[in-house]
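Asker: Supplied in structure tokens, the structure appears directly below.
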Amino acid sequence: MFARRLSIQRIDPSGAAHPCPIRWIDNFAMRNFTNDAVFDDTLPVADGLLEAGRRVPLDRLQTAMEDWFRRKGYIKAGERLAVLEIAPEIS
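Each residue of the sequence shown is one higher than the last, beginning at 1 in our numbering.
Rendered as structure tokens:
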């Protein structure tokens, strides 16, 4: 079910990336488990790391997370969110 690993980063006004704390990601995920079924296939793993199923659209996830983080006061004016799929390790 959780086939993808996603990097969730806060980008500050200077362009530096910072992993979002797992508590932010978990807060978003718990809200969406009851409000938007498309995000049910998400699992917060660590700071800056979210696992997700294939049906989770990254563009929609990024928009929804950024909106939620702004409303909660986690990211400020001039900051943005970057949600990127991490390439699987090839052994």
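Beta carbons are placed, not taken as given, at the ideal position from N, Cα and C, and that holds for glycine. Predicted, not measured: the structure shown is a model, and the values here were computed from it.
Please classify I8: does DSSP put it in a helix, a strand, or coil?
Answerer: Position 8 of the sequence shown, counting from 1, holds the residue named residue 8. Strand.
Asker: Which partner residues of E51 appear in the DSSP bridge assignment?
Answerer: Position 51 of the sequence shown, counting from 1, holds the residue named residue 51. Note: E51 sits in a beta bridge opposite R5, L43.
Asker: Tell me whether I75 sits in a helix, a strand or coil according to DSSP, three-state version.
Answerer: Here residue 75 corresponds to residue number 75 of the sequence shown, with the count starting at 1. It is coil, neither helix nor strand.
Asker: So, for C20: in the same chain, excluding its five sequence neighbours on each side, which residues have a beta-carbon less than 6 angstroms away from its beta-carbon?
Answerer: Residue numbering aside, residue 20 sits at position 20 when the sequence shown is read from its first letter. Excluding positions up to five away in sequence, the list reads I8, R10, G48.
Asker: Nearest CA to the CA of R106: which residue from F28, I86, E66, I22?
Answerer: Here the chain covers residues 1 to 91 and nothing more, so residue 106 does not appear.
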